[in-house]
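Residue numbering for the sequence shown is 870 to 1331, as defined by this note's numbering.
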Amino acid sequence: IFWTRPCITWMATGACPFDQRCLGLHDPRVSGSHPSWLPHAETLLNGIMSNRNVDKTYHQQLASVYSCSPLYGYIPDRKWQSHEANSLSAWKHFYNYVCNLTGQSNVLSPPEVCRVYVALKMRERMSAKCYAYRPTHLLKGELCMVLQTKTFVIPGDVSTMCSEDIMDVTGETTYTTDPTRTLGKDLITANEIAFGPVGDPSVRHVSVWFNLAKDDLVECTQQQAKRHKRSRHRIKRAEERGKAKALVSAETCRRERAASLLQDSGDDRDDTEARPFYNYQPMDTATFDLATDILRHRLHFLDSIAVMPQDPETKGRILDERLQNEENRLKSRFESLRRHWMTWSWPVKCGVVQIVESTDVPPVDGTYAFDMDEPDNFQVESFFGINDGEGTDITSRQAKMTVGFLWVSFLINIQIISGKIPVVSWFALVPFCDAATSIGCIYNALSAIFLILWFILFVFPS
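Here it is in structure tokens:
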């Protein structure tokens, strides 16, 4: 992703606090008249700072430029195509990712129905959608922030447990002080924990942890958090100096990162110990609602297994039909959103080559231009899945043209506002269309330019 797509901060303000260290392109045609004056901060570790000084959405904005969806860290196993087999496979992969079904152990504590129910309860507050990260605890020596804590009561016998048997007793102290209230039942304490800023790819996702031991989750002061962070950085730098430098391809990094995210984080613990549930809460409302409804469908499915009657010809068949109809509606929503995500994805700029040891570092102030006739510029395998060459793209060429013309329109408006004469070649976009589309594009372009000039000459002076 290094200098292959535009920097959101640069496009919004004309300046960037990272300057040469930024991961995005600083197109000189969008530069502002004032330098960036506010330093970048992602974490509240300074008592002088306030929430307004923390860029809570930095990683989310960065991920929105190169990711295939607003669901942070999600990477399809195959490139999304328009044929039915690919759509069904993509839906199953997305569904399993949201429900934490990939790489999951057969024996879970607490049971899956409880984990999904608790995750849905945690989502009601939407506390993980947007927050200013400030470490409050150490989880097994790792800095983290507890977003919320809830307490639940479940039956002692979980073999036939359904969601109706689970009670949210958060705030009711009698369940923790009076043993008679929990006779024949089990008490579950769930902590929703963040390990970094929103969308930070270098840390775990926000996850729900169950029945943590008192020694595992320890409160830490602000000074302790600072010392711990500095010591971790020193250890990391020492390890990096001691290792031989190796050039790793983007695809290898992508696969390792995806495997670590999908892998259960409790590999080094006993199978009977409670493992976390990753509770994905993207800032995009439509995607958040889809993920929530997917978890509800999973909960309904688990409930149907618990209460399924012996006679498969009556209620069992009705439940199956309802679940299937509900899943079909969710799949249709996913396909609609997927088409929207792909239509408005940011293409890779032209001239990007395979990185080797002799590759020169590109300039940060390079111009952003892309080739709409090259599919890989819109769906890079590192973030959009492996391209098996089967089927056609889910977005048309006309849809890709829309992205190009919007970018050119943005450049023209910025240059006009800055008092400059727009220098953009509309014909650079035209050759990738057929003749009829090209004529229509030229007509629309000229109409837009005429409208802008009319506003400048007759509307703005008055």
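Idealized CB from N, CA, C, for every residue including glycine.
**Sequence-distant residues of the same chain with beta carbon closer than 6 Å to C1013, five excluded per side** = Numbered from its first residue, the sequence shown carries residue 1013 at position 144. Closer than 6 Å at the Cβ level, and outside the excluded window around C1013, lie H1006, I1062 and F1064.
**Prompt:** Where does Q1193 land, buried or exposed, given buried means 16+ other C-beta within 10 angstroms?
**Reply:** Here residue 1193 refers to the residue found at position 324 when the sequence shown is read from its first residue. Exposed, since its Cβ has fewer than 16 Cβ neighbours within 10 Å.
**Prompt:** Would the beta-carbon of T1156 be found less than 6 Å away from any heavy atom of the ligand ZN?
**Reply:** Absence of the ligand ZN is noted for the structure shown, with no ligands found whatsoever.
**Prompt:** How big is the Cα-Cα spacing for D1085 and Y1002?
**Reply:** One-based indexing of the sequence shown puts residue 1085 at position 216. One-based indexing of the sequence shown puts residue 1002 at position 133. Going from the Cα of D1085 to the Cα of Y1002 covers about 20 Å.
**Asked** Quick one: is C999 buried, meaning 16 or more other Cβ sit within 10 Å of its Cβ, or exposed?
**Response** Within the sequence shown, numbered from 1, the residue matching residue 999 stands at position 130. By the 10 Å Cβ count, C999 comes out exposed.
**Message:** Taking 8 Å as the limit between beta carbons, can you name the residues of its chain near N965, skipping five residues before and five after?
**Reply:** As a first step, residue 965 must be located in the sequence shown, where it is residue number 96. Counting only Cβ-Cβ distances below 8 Å, and skipping sequence neighbours, we find T971.
**Message:** Looking at A959: is its Cβ nearer than 7 Å to the Cβ of P945?
**Reply:** Residue mapping note: residue 959 aligns to position 90 of the sequence shown, counting from 1. Residue mapping note: residue 945 aligns to position 76 of the sequence shown, counting from 1. The answer is yes: Cβ separation under 7 Å.
**Request:** Find out if the Cβ-Cβ distance for the pair N1256, K948 is shorter than 7 Å.
**Result:** If you number the sequence shown from 1, residue 1256 lands on position 387. If you number the sequence shown from 1, residue 948 lands on position 79. It is a contact, given that the beta carbons lie within the stated cut-off.
**Message:** Checking 7 Å against the spacing of the C-beta atoms, do V923 and A910 come in under that value?
**Reply:** Translated into the one-based positions of the sequence shown, residue 923 becomes position 54. Translated into the one-based positions of the sequence shown, residue 910 becomes position 41. Against a cut-off of 7 Å, the Cβ pair of A910 and V923 comes out as a contact.
**Prompt:** Based on the DSSP output, what are the partners of S1076 in its beta bridges?
**Reply:** By 1-based counting over the sequence shown, the position of residue 1076 is 207. Bridge partners of S1076: I1062 and Y1147.
**Request:** Using DSSP bridges, identify the partner residues of Q1017.
**Result:** Within the sequence shown, numbered from 1, the residue matching residue 1017 stands at position 148. In DSSP, Q1017 forms a bridge with E1061.
**Message:** Please list the terminal residues of the continuous alpha helix (DSSP H) segment that includes E953.
**Reply:** Within the sequence shown, numbered from 1, the residue matching residue 953 stands at position 84. Counting along the chain, the alpha helix (DSSP H) containing E953 begins and ends at E953 to V967.
**Asked** If you count every other CB in all the chains shown that lies within 10 Å of the CB of Q1150, and 16 or more means buried, which is it?
**Response** Looking up residue 1150 in the sequence shown gives position 281. Flag for Q1150 reads buried.
**Request:** Classify T1043 as helix, strand or coil using the three-state DSSP reduction.
**Result:** By 1-based counting over the sequence shown, the position of residue 1043 is 174. Of the three classes helix, strand and coil, the one that applies to T1043 here is helix, per DSSP.
**Item:** Simplified DSSP assignment, three categories, for I1035
**Value:** The residue you call residue 1035 lines up with position 166 of the sequence shown. Here I1035 sits in coil by DSSP.
**Asked** Considering only C-alpha positions, which residue in the set C876, P1066 and M880 is nearest to L1280?
**Response** Taking the sequence shown and counting its residues from 1, one reaches residue 1280 at position 411. L1280 has its Cα closest to that of M880, out of C876, P1066 and M880.
**Message:** If contacts are defined as beta-carbon pairs under 8 Å, then T1029 and A1175 qualify, I think. What distance do you get, rounded to the angstrom?
**Reply:** Taking the sequence shown and counting its residues from 1, one reaches residue 1029 at position 160. Taking the sequence shown and counting its residues from 1, one reaches residue 1175 at position 306. Right, the Cβ-Cβ distance comes to about 5 Å (below 8 Å), so this counts as a contact.
**Message:** Measuring only the C-alpha atoms, how far is S1265 from F1252?
**Reply:** If you number the sequence shown from 1, residue 1265 lands on position 396. If you number the sequence shown from 1, residue 1252 lands on position 383. For S1265 and F1252, the distance between alpha carbons rounds to 20 Å.
**Message:** Measuring straight from C-alpha to C-alpha, what distance separates V1077 and Y986?
**Reply:** Residue mapping note: residue 1077 aligns to position 208 of the sequence shown, counting from 1. Residue mapping note: residue 986 aligns to position 117 of the sequence shown, counting from 1. Distance between the alpha carbons of V1077 and Y986 is about 11 Å.
**Item:** Delimiting residues of the beta strand (DSSP E) encompassing V1087
**Value:** As a first step, residue 1087 must be located in the sequence shown, where it is residue number 218. It spans L1086 to E1088 - the beta strand (DSSP E) in which V1087 sits, taken as one unbroken run.
**Prompt:** According to DSSP, what are the bridge partners of L1012?
**Reply:** The residue given as residue 1012 occupies position 143 in the sequence shown. Partner(s): L1007.
**Prompt:** Does the stretch 1162 to 1173 come within contact of the stretch 1204 to 1212, defined as at least 3 CB pairs closer than 8 Å?
**Reply:** no
**Unbroken alpha helix (DSSP H) run spanning W906, endpoints** = Your numbering for residue 906 matches position 37 in the sequence shown. Here W906 belongs to no alpha helix (DSSP H), and DSSP marks it neither H nor E.
**Beta-carbon proximity of W906 to V1233, cut-off 7 Å** = Residue 906 sits at position 37 when you count from the first residue of the sequence shown. Residue 1233 sits at position 364 when you count from the first residue of the sequence shown. No, the pair does not count as a contact, with Cβ atoms beyond the cut-off.
**Message:** Does D1055 come out as helix, strand or coil in the three-state DSSP assignment?
**Reply:** Here residue 1055 refers to the residue found at position 186 of the sequence shown. The answer is strand: DSSP assigns D1055 an E or B state.
**Message:** Can you tell me which residues form a DSSP beta bridge with I1255?
**Reply:** The count along the sequence shown starts at 1 and reaches residue 1255 at position 386. For I1255, which the question treats as bridged, DSSP gives the partners R947.
**Message:** Between the alpha carbons of L1081 and T1058, how many angstroms are there, rounded?
**Reply:** The residue labelled residue 1081 in the question sits at position 212 within the sequence shown. The residue labelled residue 1058 in the question sits at position 189 within the sequence shown. Cα to Cα, the separation comes out at about 8 Å.
**Cβ pair count under 8 Å reaching 3, the stretch 891 to 898 against the stretch 1023 to 1039** = no
**Request:** Give the single residue among K925, T1261, Q889 and F1146 whose Cα lies nearest to the Cα of L989.
**Result:** Along the sequence shown, read from residue 1 onward, the residue named residue 989 stands at position 120. Answer by Cα proximity: F1146.
**Item:** Buried/exposed call for S1227, threshold 16 Cβ in 10 Å
**Value:** Position 358 of the sequence shown holds residue 1227. Answer is exposed; the Cβ neighbour count stays below 16.
**Prompt:** With respect to the alpha helix (DSSP H) encompassing A1160, which residues constitute its N-terminal and C-terminal limits?
**Reply:** Translated into positions along the sequence shown, residue 1160 becomes position 291. It spans T1154 to V1176 - the alpha helix (DSSP H) in which A1160 sits, taken as one unbroken run.
**Request:** Along the alpha helix (DSSP H) that carries T882, what are the first and last residues, could you check?
**Result:** Locating residue 882 in the sequence shown gives position 13, where the first residue counts as 1. Start and end: I877 to T882.
**Request:** Report yes if the CB atom of G1068 is closer than 7 Å to the CB atom of G1025, and no otherwise.
**Result:** The residue given as residue 1068 occupies position 199 in the sequence shown. The residue given as residue 1025 occupies position 156 in the sequence shown. Their beta carbons are not under 7 Å apart, which means G1068 does not touch G1025 by this criterion.
**Message:** Suppose contacts are defined by Cβ-Cβ distances below 7 Å. Is W1210 in contact with S938 by that definition?
**Reply:** Residue numbering aside, residue 1210 sits at position 341 when the sequence shown is read from its first letter. Residue numbering aside, residue 938 sits at position 69 when the sequence shown is read from its first letter. The answer is yes: Cβ separation under 7 Å.
**Item:** Distance between V1087 and R1050 (C-alpha atoms, nearest Å)
**Value:** Position 181 of the sequence shown holds residue 1050. Position 218 of the sequence shown holds residue 1087. Going from the Cα of R1050 to the Cα of V1087 covers about 28 Å.
**Prompt:** From T1215 to F1157, what does the alpha carbon distance come to, in whole angstroms?
**Reply:** Here residue 1215 refers to the residue found at position 346 of the sequence shown. Here residue 1157 refers to the residue found at position 288 of the sequence shown. Reading off the sequence, residue 1215 comes out as Trp, not Thr. About 21 Å.
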